[in-house]
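There are 2 protein chains.
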Amino acid sequence: MAYTDVVEVIRARITAGELVPGDRIPSTRQIVAEFGVAMATASKVIAALRQEGLVRVLPGVGTVVAGGAAAPEPELGRGRILRAAIRIADGEGIDALSMRRVAAALGTGTMSLYRHVPGKEELLLLMRDAAFGEFPLPPVPPPGWRAQLEVSSRSLWALYRRHPWVARTTSMTRPYAGPNQMPYSEWNLRALTGLGLDDPTIFRLHLALFGYVHGAAASLESEAREEAETGVTLWQWIRARETENRAVMESGSFPNSVRVFLHADTGFDLDTIFETGLARMLDGIAALTGRTGER
Amino acid sequence: MAYTDVVEVIRARITAGELVPGDRIPSTRQIVAEFGVAMATASKVIAALRQEGLVRVLPGVGTVVAGGAAAPEPELGRGRILRAAIRIADGEGIDALSMRRVAAALGTGTMSLYRHVPGKEELLLLMRDAAFGEFPLPPVPPPGWRAQLEVSSRSLWALYRRHPWVARTTSMTRPYAGPNQMPYSEWNLRALTGLGLDDPTIFRLHLALFGYVHGAAASLESEAREEAETGVTLWQWIRARETENRAVMESGSFPNSVRVFLHADTGFDLDTIFETGLARMLDGIAALTGRTGER
DNA sequence: GCGCCGAGGGTACGGCGTACGCAGGTGTTC
DNA sequence: GAACACCTGCGTACGCCGTACCCTCGGCGC
Chain A
3 MAYTDVVEVI RARITAGELV PGDRIPSTRQ IVAEFGVAMA TASKVIAALR
53 QEGLVRVLPG VGTVVAGGAA APEPELGRGR ILRAAIRIAD GEGIDALSMR
103 RVAAALGTGT MSLYRHVPGK EELLLLMRDA AFGEFPLPPV PPPGWRAQLE
153 VSSRSLWALY RRHPWVARTT SMTRPYAGPN QMPYSEWNLR ALTGLGLDDP
203 TIFRLHLALF GYVHGAAASL ESEAREEAET GVTLWQWIRA RETENRAVME
253 SGSFPNSVRV FLHADTGFDL DTIFETGLAR MLDGIAALTG RTGER
Chain B
3 MAYTDVVEVI RARITAGELV PGDRIPSTRQ IVAEFGVAMA TASKVIAALR
53 QEGLVRVLPG VGTVVAGGAA APEPELGRGR ILRAAIRIAD GEGIDALSMR
103 RVAAALGTGT MSLYRHVPGK EELLLLMRDA AFGEFPLPPV PPPGWRAQLE
153 VSSRSLWALY RRHPWVARTT SMTRPYAGPN QMPYSEWNLR ALTGLGLDDP
203 TIFRLHLALF GYVHGAAASL ESEAREEAET GVTLWQWIRA RETENRAVME
253 SGSFPNSVRV FLHADTGFDL DTIFETGLAR MLDGIAALTG RTGER
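Chains as they are written, first to last, in the numbering used here: chain A, 3 to 297; chain B, 3 to 297.
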């Protein structure tokens with residue numbers, strides 16, 4: 003039996019739809035067993051099919067049927083892990099993200115993940131960078147430092163709103179380090195350059211602005227989510243607490259808190275709060291530079 | 003031996019200072035053993051002492067000597083747990099804080115903690131509030147809204163610097179809720195009241211300012227600690243990364259980042275960064291109110 | 001044909017939060 | 001005294017977690 007015969011049989015299985023793109027064709031050893039040929043023959047069969055472009059060989063996995071948009075991923079792969087992890091973190095919260103949970107979502111073994119990711123911390127870093135990749139800054143910045151800082155801050159805010167876990171995992175590793183984070187730093191530093199500020203000041207202003215956006219997201223997100231889950235506003239919750247300090251809180255010692263918190267229902271909009279603080283921060287930078295926003 | 007004799011002996015021990023407020027007096031069974039009297043007699047002794055107001059009976063724990071502000075703590079107690087937990091979090095980081103670790107530090111069983119604390123989340127909340135209690139605001143505020151906001155913000159900053167874990171655990175529960183946090187909110191809201199701002203705006207400014215301090219602490223603390231532990235500055239670390247993006251970073255695409263980060267050694271002082279952002283934020287509020295800081 | 005290599009994955013270890021229940025103490029009542 | 005209701009300390013166990021270690025298996029170079 004010539005190797006072309008075997009090629010013919012396998013090609014027939016593919017064209018018949020018996021094997022669809024992504025399926026594994028018989029391995030060399032299986033060919034040896036099934037057709038009673040030598041190892042060299044089986045090797046030649048696969049080489050011929052690969053030559054035709056009918057199949058693709060994935061090292062360490064096997065030889066699979068090629069095909070248009072069908073699973074070009076080598077089964078697992080960093081990208082699939084990353085997407086699954088982000089989907090879990092978005093949907094179930096960062097606390098629900100475990101290596102076992104990710105593996106289950108992918109239908110694979112837990113330890114298989116470690117072939118593609120060194121550990122959970124690195125996975126979080128990659129997730130973080132991938133999230134930044136979803137919110138790229140525009141290629142051409144708007145005119146004026148203020149508009150530029152608004153663009154980057156709002157983009158960062160949108161990122162934190164879309165992926166709340168990013169704000170809460172920032173401190174787990176060195177920040178601003180991934181390739182998708184770098185443009186943010188660069189953008190802000192560029193916006194602040196040329197205004198007559200020295201470099202240490204530019205650096206501090208950049209960090210202060212990032213810190214503000216980050217802090218607003220981190221401290222407000224949990225409150226918003228808790229309120230959404232329980233339907234209890236902050237002040238209602240404080241009132242409902244049965245602690246020993248209930249009397250203190252209603253004692254009249256905190257008149258301003260009572261007055262303002264009672265209006266919290268109308269004033270508690272995350273985006274509005276963020277914009278308020280951002281405007282103050284930029285006003286403060288404007289006061290420092292003595293310019294009003296032109297480049 | 004009449005029950006009054008036994009009463010006399012125990013009263014003598016108390017007045018002699020042999021038993022101080024909070025100490026347990028002999029239990030009924032101990033009285034039976036020590037004085038050779040019957041159970042009914044021992045009961046009568048304790049009833050008589052209670053009648054005098056000399057002792058207090060704590061159901062299920064014993065009878066203790068009464069006294070002004072004496073602690074009736076039953077050996078363990080919430081206060082000891084709290085102090086041990088804070089000591090661990092300060093010294094070994096919040097990640098090292100586990101219920102088992104706290105119990106070990108106290109030389110007690112893990113589950114004993116749950117007699118005094120509902121769970122870890124509540125323990126963290128109590129720790130947070132205790133930390134706030136360490137940094138009380140002055141009883142009489144300085145004149146002018148700006149000076150007042152500076153006082154509270156710097157006090158909060160000092161708190162975060164002293165107990166870094168506070169900044170990282172804020173989002174785990176409802177913020178600003180403990181009795182020691184309330185004065186901070188009240189202080190800021192009072193400072194912002196009377197400047198012609200409406201309540202929702204006051205609320206937003208307050209949250210924005212808190213968010214800034216919190217964000218600065220949370221995002222800078224990890225960087226500072228990592229740098230202290232490894233001795234590697236941020237830029238050195240980025241340079242040392244062996245990722246696929248090293249070429250990108252050195253490609254000249256980020257000229258401003260390179261320029262500014264190279265000066266990071268001189269500009270990276272946490273307190274200075276904090277003060278820079280705080281001044282900007284307050285300048286921004288000043289621009290909004292049209293006043294410069296007077297009340 | 002045979003060894004190599006790299007991917008997938010199973011087992012196990014130490015650690016976590018905490019539900020549950022038991023032991024041993026208490027003052028009071030029979 | 002014995003029984004009772006109570007409270008505190010704490011041992012055991014369960015189901016999670018991250019991950020070190022080792023095994024299997026397929027394709028490939030020799």
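Backbone N, C-alpha and C fix where the C-beta goes; we use that ideal spot for every residue, glycine too.
Kindly say whether B:Thr-112, judged by its beta-carbon, lies nearer than 8 Å to any beta-carbon of chain A. The residue given as residue 112 of chain B occupies position 110 in the second sequence. Not closer than 8 Å to any Cβ of chain A, the Cβ of B:Thr-112 fails to qualify, so no.
Chain-order list of residues whose beta-carbon lies under 7 Å from that of B:Glu-296 (same chain, five-residue window excluded): Start at 1 with the first residue of the second sequence, and residue 296 of chain B comes out as number 294. With a pLDDT of only 49 at B:Glu-296, under 50, the local geometry of the prediction cannot be trusted, and the value read off the model is given with reservation. Excluding sequence neighbours, B:Glu-296 sits near Gly-146.
Say whether chain A places a C-beta atom closer than 8 Å to the C-beta of B:Met-184. The residue you call residue 184 of chain B lines up with position 182 of the second sequence. Yes, B:Met-184 counts as interfacial toward chain A.
Just verifying my parser: in three-state terms, what is the DSSP assignment at B:Leu-151? Position 149 of the second sequence, counting from 1, holds the residue named residue 151 of chain B. In this structure, B:Leu-151 counts as helix in the three-state DSSP scheme.
Could you spell out where the alpha helix (DSSP H) holding B:Leu-313 opens and where it closes? Within the shown structure, residues of chain B are numbered from 3 to 297, placing residue 313 of chain B beyond reach of any answer.
Going by alpha carbons, who is nearest to A:Val-119 out of A:Met-101, A:Gly-135, A:Glu-188, A:Arg-15? The sequence position of residue 119 of chain A within the first sequence is 117, counting from 1. Residue A:Met-101 is the option with its Cα nearest to A:Val-119.
Short Cβ contact (8 Å threshold) for B:Ala-210 with B:Leu-151: Working through the second sequence from its first residue, we reach residue 210 of chain B at position 208. Working through the second sequence from its first residue, we reach residue 151 of chain B at position 149. No; because the gap between Cβ atoms is not below 8 Å, this pair is not in contact.
For A:Ile-183, is the classification buried or exposed, using 16 other Cβ atoms within 10 angstroms of its Cβ as the cut-off for buried? Against the first sequence, residue 183 of chain A aligns to sequence position 181. One point to set straight first is that residue 183 of chain A is Gln, not Ile, in the sequence displayed. It is buried - the Cβ of A:Gln-183 has at least 16 other Cβ atoms within 10 Å.
On the DSSP bridge assignment, give the partners of B:Val-260 in chain order. As a first step, residue 260 of chain B is located in the second sequence; it is residue number 258 there, counting from the start. DSSP output for B:Val-260 lists no bridge partner at all.
Quick check on the DSSP output: the beta strand (DSSP E) that includes B:Thr-195 runs from which residue to which? Within the second sequence, residue 195 of chain B is the residue found at index 193, counting from 1. No beta strand (DSSP E) holds B:Thr-195; DSSP gives it neither H nor E.
On the CB-based measure, 16 or more other CB atoms within 10 Å of its CB, does A:Met-283 come out buried or exposed? In the first sequence, residue 283 of chain A corresponds to position 281, counting from 1. The residue is buried, with at least 16 neighbouring Cβ atoms inside 10 Å.
Assuming B:Gly-64 is part of the beta strand (DSSP E), what are its boundary residues? As a working mapping, residue 64 of chain B is identified with position 62 in the second sequence. Residues 64-67.
Under 8 Å from the C-beta of A:Ser-154: neighbouring residues of chain B: Taking the first residue of the first sequence as 1, we reach residue 154 of chain A at position 152. What A:Ser-154 touches in chain B: nothing, since even the nearest Cβ is about 13 Å away.
How should A:Glu-188 be labelled, buried or exposed, when 16 other C-beta atoms within 10 angstroms of its C-beta is the threshold for buried? Working through the first sequence from its first residue, we reach residue 188 of chain A at position 186. Its Cβ being crowded by 16 or more others within 10 Å, A:Glu-188 is buried.
Cross-chain neighbours of B:Ala-142 in chain A, by beta carbon under 9 Å: Taking the second sequence and counting its residues from 1, the one referred to as residue 142 of chain B is at position 140. A small fix is needed here, since residue 142 of chain B is Val in this sequence, not Ala. In chain order: nothing, as chain A lies at least about 15 Å away.
Own chain, CB closer than 8 Å to B:Ala-160, minus 5 neighbours either side, in chain order: Locating residue 160 of chain B in the second sequence gives position 158, where the first residue counts as 1. Excluding residues within five positions, the ones whose Cβ falls inside 8 Å are Phe-137.
What residues are listed by DSSP as bridge partners for B:Leu-60? Within the second sequence, numbered from 1, the residue matching residue 60 of chain B stands at position 58. B:Gly-64, per the DSSP bridge assignment.
Within-8 Å CB hit, B:Glu-244 to chain A: Indexing the second sequence from 1 puts residue 244 of chain B at position 242. Summary for B:Glu-244: the model assigns pLDDT 43, below 50, so the residue's position carries little reliability; its value from the coordinates is reported in the next sentence. Output row for B:Glu-244: interface = no.
B:Ser-45 lies in the alpha helix (DSSP H); which residues open and close that run? What you label residue 45 of chain B is simply residue 43 of the second sequence in a count that begins at 1. Taken as a continuous stretch (DSSP letters only), the alpha helix (DSSP H) holding B:Ser-45 covers 41-54.
Between B:Tyr-214 and B:Gly-279, is the Cβ-Cβ spacing less than 8 Å? Reading the second sequence from its first residue, position 212 is the one you call residue 214 of chain B. Reading the second sequence from its first residue, position 277 is the one you call residue 279 of chain B. Yes. Within cutoff.
What first and last residue would you give for the alpha helix (DSSP H) that runs through A:Phe-134? One-based indexing of the first sequence puts residue 134 of chain A at position 132. Where A:Phe-134 is concerned, the enclosing alpha helix (DSSP H) stretches over 122-136.
Quick one: Cα of B:Met-174 to Cα of B:Ala-281, how far? For the purposes of this step, residue 174 of chain B is taken as residue 172 along the second sequence, with counting starting at 1. For the purposes of this step, residue 281 of chain B is taken as residue 279 along the second sequence, with counting starting at 1. Here B:Met-174 scores only 45 on pLDDT, less than 50, and its place in the model is too uncertain to base an answer on.
Using a C-beta to C-beta distance shorter than 9 Å, which residues of chain B count as neighbours of A:Ser-221? For the purposes of this step, residue 221 of chain A is taken as residue 219 along the first sequence, with counting starting at 1. Near A:Ser-221 (Cβ distances below 9 Å), the residues of chain B are Thr-172, Ser-173, Pro-177, Leu-209, Phe-212, Gly-213, His-216, Gly-217, Ala-220.
Using a threshold of 8 Å, state whether the C-beta atoms of A:Gly-198 and A:Thr-291 are closer than that. Along the first sequence, read from residue 1 onward, the residue named residue 198 of chain A stands at position 196. Along the first sequence, read from residue 1 onward, the residue named residue 291 of chain A stands at position 289. Inclusion of A:Gly-198 and A:Thr-291 in the CB contact set at 8 Å is warranted, their separation being smaller than that value.
Alpha carbon to alpha carbon, how far is A:Trp-167 from A:Ile-96? Give it in angstroms, no decimals. Taking the first residue of the first sequence as 1, we reach residue 96 of chain A at position 94. Taking the first residue of the first sequence as 1, we reach residue 167 of chain A at position 165. Distance between the alpha carbons of A:Ile-96 and A:Trp-167 is about 6 Å.
Distance check for B:Ala-40 and A:Ser-259, CA to CA, integer angstroms please. Residue numbering aside, residue 259 of chain A sits at position 257 when the first sequence is read from its first letter. Residue numbering aside, residue 40 of chain B sits at position 38 when the second sequence is read from its first letter. Going from the Cα of A:Ser-259 to the Cα of B:Ala-40 covers about 59 Å.
Chain B contact residues for A:Arg-164, given Cβ-Cβ distances below 7 Å: Position 162 of the first sequence, counted from the first residue, corresponds to residue 164 of chain A. Under the 7 Å cutoff, chain B gives no residues; its nearest Cβ is about 17 Å from A:Arg-164.
Is it buried or exposed for A:Val-142, if we count other Cβ within 10 angstroms and need 16 for buried? The residue given as residue 142 of chain A occupies position 140 in the first sequence. By the neighbour-count rule (16 or more Cβ atoms within 10 Å), A:Val-142 is not buried but exposed.
Taking the beta carbon of A:Ala-218 as the centre, do at least 16 other beta carbons fall within 10 Å, making it buried, or is it exposed? Here residue 218 of chain A corresponds to residue number 216 of the first sequence, with the count starting at 1. Buried, since its Cβ has 16 or more Cβ neighbours within 10 Å.
Does the beta carbon of B:Gly-279 sit closer than 8 Å to a beta carbon anywhere in chain A? As a first step, residue 279 of chain B must be located in the second sequence, where it is residue number 277. Yes, B:Gly-279 counts as interfacial toward chain A.
How big is the Cα-Cα spacing for B:Thr-171 and A:Met-113? The residue labelled residue 171 of chain B in the question sits at position 169 within the second sequence. The residue labelled residue 113 of chain A in the question sits at position 111 within the first sequence. C-alpha separation (whole angstroms): 30 Å.
Buried or exposed: where does B:Ala-44 fall if 16 or more other Cβ atoms within 10 Å of its Cβ makes it buried? Locating residue 44 of chain B in the second sequence gives position 42, where the first residue counts as 1. Its Cβ being crowded by 16 or more others within 10 Å, B:Ala-44 is buried.
Along chain B, in chain order, which residues have C-beta atoms closer than 8 Å to that of A:Leu-199? Counting from 1 along the first sequence, the entry for residue 199 of chain A is found at position 197. Near A:Leu-199 there are no residues of chain B at all, since even the closest Cβ is about 10 Å away, more than 8 Å.
Examine chain A for any beta-carbon lying closer than 8 Å to the beta-carbon of B:Glu-188, and answer yes or no. Along the second sequence, read from residue 1 onward, the residue named residue 188 of chain B stands at position 186. Chain A places a beta carbon closer than 8 Å to that of B:Glu-188, counting this residue as a contact.
Euclidean distance between Cα positions of B:Arg-82 and B:Arg-130: Translated into positions along the second sequence, residue 82 of chain B becomes position 80. Translated into positions along the second sequence, residue 130 of chain B becomes position 128. Taking the straight line joining both Cα atoms gives about 15 Å.
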